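Colleague:
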Amino acid sequence: MPEQLNPAQQQLRNEARAFAASVDAEASAANVRSASQAAGFFTMTQPAEFGGAQASVLELTIVRDELSAAGMPHANAVFGPGPGVLAGVKEPLRSAYLHPLMAGGKRAAFAFTEPDDAPHPTRAAREGDWLIVNGAKSYVTGGADAHFMNTLVHIEDEGPALVVIDTDAKGVSMDRRFASLDGSHHAAFSFTDARVPAANIIGQPGEGLPRAMRQIGDTRLAIAANCAGTMRWVATFLETHLDGKDRAGKRRGDKEGVRLRYADLRIAAFAARSMVYRTARLADSGANVVNEGIACKVFATEHLQNSVDTAIGLVGGNALVESHPLAVLYRTVRSLRLAEGANDVLRLNLVRGALELNKGVL
Ligand SMILES: Cc1cc2nc3c(=O)[nH]c(=O)nc-3n(C[C@H](O)[C@H](O)[C@H](O)COP(=O)(O)OP(=O)(O)OC[C@H]3O[C@@H](n4cnc5c(N)ncnc54)[C@H](O)[C@@H]3O)c2cc1C
179 MPEQLNPAQQ
189 QLRNEARAFA
199 ASVDAEASAA
209 NVRSASQAAG
219 FFTMTQPAEF
229 GGAQASVLEL
239 TIVRDELSAA
249 GMPHANAVFG
259 PGPGVLAGVK
269 EPLRSAYLHP
279 LMAGGKRAAF
289 AFTEPDDAPH
299 PTRAAREGDW
309 LIVNGAKSYV
319 TGGADAHFMN
329 TLVHIEDEGP
339 ALVVIDTDAK
349 GVSMDRRFAS
359 LDGSHHAAFS
369 FTDARVPAAN
379 IIGQPGEGLP
389 RAMRQIGDTR
399 LAIAANCAGT
409 MRWVATFLET
419 HLDGKDRAGK
429 RRGDKEGVRL
439 RYADLRIAAF
449 AARSMVYRTA
459 RLADSGANVV
469 NEGIACKVFA
479 TEHLQNSVDT
489 AIGLVGGNAL
499 VESHPLAVLY
509 RTVRSLRLAE
519 GANDVLRLNL
529 VRGALELNKG
539 VL
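Going by the numbering used here, the residue at position 303 of the sequence shown is 481; the numbering climbs one at a time, nothing skipped.
Laid out in structure tokens, this is it:
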């Protein structure tokens with residue numbers, strides 16, 4: 179729980195709070211990035227061998243929780259690029275991709291999701307030292323600005339692999355750019371006999387899914403920590419509103435029906451926060467937290483969505499003015515129930531983990 183932090187972790191929490199409070203509400207993403215670099219948060223996601231602070235899962239959770247609870251703008255610009263699925267790669271990927279990624283010279287994207295109407299998963303055949311890749315990926319966040327994509331490809335007779343594919347390689351085409359409801363940007367790509375060096379396979383063929391799932395698992399926990407913090411932000415935002423007077427001159431928060439809704443919101447925020455801190459500790463202990471990560475992501479995204487909806491109901495029509503923070507949040511949170519796995523699909527995975535695979539402590 180957040181109450182059981184050691185002195186260094188408490189200090190980190192206080193520094194994160196102070197940092198969030200120091201960022202101007204109108205700051206741009208670039209302003210937030212440089213402020214984060216100066217304050218030392220930027221390198222928390224980066225390995226020590228690249229000069230990073232290589233923070234633990236709990237430390238990252240603390241910072242995410244606090245930044246989100248403060249409702250700071252562009253919180254996603256606070257952390258620098260992590261190695262993701264490229265962690266620990268050997269040459270030539272290390273010099274050609276991992277180094278430039280850590281130094282900020284190259285941007286990466288993650289290409290996993292296939293189009294609904296794909297006739298077959300993205301696949302590759304070997305031709306000497308090359309892979310000949312055919313297929314498509316439908317939802318690549320940041321794909322239009324990325325230099326390369328870590329792409330899940332099924333290699334004939336060898337199995338799924340993550341393969342680094344340059345976005346400007348011959349045979350790779352960006353078919354569509356689009357923005358989703360939350361304001362983030364994505365691209366769809368197709369591969370037509372794209373020639374990719376076989377040396378661009380990350381790890382071994384056959385390892386693609388577990389590697390991809392590790393990254394997806396980390397991102398689910400990050401989403402849950404952000405949601406837990408944001409739920410606290412919603413509750414605090416609402417407190418100010420409930421302290422005010424209604425048209426009849428009565429304190430809004432005195433109505434029992436309003437208090438019941440507010441209690442639900444606080445209970446959910448408490449539960450979500452408890453879950454993410456406990457799961458972060460488990461992850462740092464080396465435990466398999468696939469099921470717990472799923473539980474955190476499903477619970478936190480759904481309860482945040484409910485909290486925002488409740489808060490809008492309690493504030494009234496003003497909360498639906500497009501620029502109102504709750505209206506902005508309402509648009510942002512919907513995507514989180516789909517991103518990194520649709521919540522119902524995750525529920526089914528969780529049941530499989532519990533009933534068939536005996537994984538996790540959940
Ligand atoms: C903001 C955002 C960013 C994203 N970024 C990336 C990215 O960078 N890279 C990437 O590869 N992908 C990305 N995605 C795609 C994302 O991973 C997928 O949208 C998500 O995994 C769901 O897959 P899908 O869209 O194909 O929906 P589907 O899996 O087709 O699911 C559609 C619906 O069917 C339901 N459903 C499906 N199967 C079952 C079942 N067996 N039982 C019951 N219900 C079921 C689901 O619950 C859901 O409601 C992103 C998505 C979003 C929203």
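Glycine included, each C-beta is placed from N, C-alpha and C at the ideal position.
Predicted, not measured: the structure shown is a model, and the values here were computed from it.
Whose C-beta lies closer than 6 Å to the C-beta of Asn404 among residues of the same chain, with five residues either side of it excluded?
Modeller: Here the set comprises Arg242, Ser246.
Colleague: Mind checking which residues open and close the alpha helix (DSSP H) that includes Asn209?
Modeller: Run containing Asn209: 207-217, per the alpha helix (DSSP H) assignment.
Colleague: If you drop the 5 nearest sequence neighbours on each side, which residues of the same chain put their C-beta closer than 8 Å to that of Phe220?
Modeller: Taken in chain order, the residues that qualify are Arg211, Ser214, Val256, Phe257, Gly258.
Colleague: Using 8 Å for Cβ pairs, my map puts Gly349 next to Thr370. What's the rounded Cβ distance?
Modeller: Contact flag correct, Cβ pair sits at about 5 Å.
Colleague: Taking the alpha helix (DSSP H) that Met327 falls in, what are its first and last residues?
Modeller: Not the alpha helix (DSSP H): Met327 falls in the beta strand (DSSP E), residues 326-333.
Colleague: Can you find a heavy atom of ligand 1 that lies under 7 Å from the Cβ of Lys348?
Modeller: Checking every heavy atom of ligand 1 against the Cβ of Lys348, none is found closer than 7 Å.
Colleague: Does chain C have any CB closer than 8 Å to the CB of Ser452?
Modeller: Looking for chain C here will not work: only one protein chain is present.
Colleague: Is it true that the CB of Glu480 sits closer than 8 Å to the CB of Asn527?
Modeller: No, Cβ-Cβ distance for Asn527 and Glu480 is not below 8 Å.
Colleague: Name, in chain order, the residues that DSSP records as bridge partners for Met352.
Modeller: Phe367.
Colleague: So which of Glu305, Asp294, Asp307, Phe290 has the shortest CA-CA distance to Thr319?
Modeller: When each option's Cα is compared against that of Thr319, the closest is Phe290.
Colleague: Which same chain residues, not among the five before or five after Leu309, have their C-beta less than 6 Å away from its C-beta?
Modeller: Around Leu309: Ala302, Val374, Ala376.
Colleague: Check for me: the alpha helix (DSSP H) holding Ser316 runs from which residue to which?
Modeller: Taken as a continuous stretch (DSSP letters only), Ser316 belongs to no alpha helix (DSSP H), being part of the beta strand (DSSP E) at 308-319.
Colleague: Taking C-beta to C-beta, are Thr300 and Ala324 nearer than 8 Å?
Modeller: In this structure, Ala324 does not lie closer than 8 Å to Thr300 by Cβ.
Colleague: Name the one or two DSSP bridge partners that Phe288 has.
Modeller: Paired residue(s): Asn328.
Colleague: Using the DSSP secondary-structure output, state which residues sit across from Val563 in a beta bridge.
Modeller: One cannot answer for residue 563 here, as it falls past the ends of the chain, which runs 179 to 540.
Colleague: Using CA atoms only, rank isn't needed, just tell me which of Asn378, Ser358, Ile333 is closest to Phe326.
Modeller: Ranking the options by Cα distance to Phe326, first place goes to Asn378.
Colleague: DSSP three-state call for Lys475: helix, strand or coil?
Modeller: Helix.
Colleague: Taking all protein chains shown into account, decide if Phe197 is buried (16 or more other Cβ within 10 angstroms of its Cβ) or exposed.
Modeller: Flag for Phe197 reads buried.
Colleague: Comparing the CB of Glu227 with every heavy atom of ligand 1, is any distance shorter than 7 Å?
Modeller: No, the beta carbon of Glu227 sits no closer than 7 Å to any heavy atom of ligand 1.
Colleague: What are the partner residues of Val374, as DSSP defines its beta bridges?
Modeller: Leu309, per the DSSP bridge assignment.
Colleague: Is Phe368 near ligand 1, going by C-beta to nearest heavy atom under 7 Å?
Modeller: Here residue 368 is Ser; the residue named in the question, Phe, does not match the sequence. Checking every heavy atom of ligand 1 against the Cβ of Ser368, none is found closer than 7 Å.
Colleague: Hey, would you say Val311 sits closer than 8 Å to Val342, going by beta carbons?
Modeller: Taking 8 Å as the Cβ cut-off, Val311 and Val342 do not qualify as a contacting pair.
Colleague: Quick check for students: name the residue ranges of the alpha helix (DSSP H) that lie wholly in the stretch 224-279, counting only runs of 4 or more.
Modeller: Listed in chain order, the complete alpha helix (DSSP H) runs (minimum 4 residues) inside the stretch 224-279 are 235-247.
Colleague: Within the same chain, show all residues whose beta-carbon is closer than 7 Å to that of Val499, passing over the 5 residues directly before and after it, in chain order.
Modeller: Ala505.
Colleague: By how many angstroms is the C-alpha of Asp487 removed from the C-alpha of Arg272?
Modeller: Straight-line Cα distance between these residues: approximately 45 Å.
Colleague: Beta carbon of Thr319: closer than 7 Å to some heavy atom of ligand 1?
Modeller: Yes, Cβ of Thr319 sits closer than 7 Å to a heavy atom of ligand 1.
Colleague: Taking 7 Å as the line, does the beta carbon of Lys315 fall inside it for any heavy atom of ligand 1?
Modeller: Answer for Lys315: yes, Cβ within range of ligand 1.
Colleague: Under the criterion of a Cβ to heavy atom distance below 7 Å, does Asp353 qualify as lining ligand 1?
Modeller: It does not: the Cβ of Asp353 is nowhere closer than 7 Å to a heavy atom of ligand 1.
Colleague: Determine the DSSP secondary structure at Arg525, reduced to helix, strand or coil.
Modeller: Arg525 falls in the helix class under three-state DSSP.
Colleague: Is the beta carbon of Val468 within less than 7 Å of some heavy atom of ligand 1?
Modeller: No; taking the cut-off as 7 Å, the Cβ of Val468 has no heavy atom of ligand 1 nearer than that.
Colleague: Are Gly538 and Val454 touching if we call contact CB-CB under 8 Å?
Modeller: It is not a contact, given that the beta carbons lie outside the stated cut-off.
Colleague: Give me the residue from Thr510, Leu524, Val529, Leu516 with the minimum Cα distance to His252.
Modeller: Comparing Cα positions, the closest option is Thr510.
Colleague: Excluding the five sequence neighbours on either side, which residues of its own chain have a C-beta within less than 7 Å of the C-beta of Gly471, listed in chain order?
Modeller: Around Gly471: Gly395, Arg398, Leu399, Thr457.
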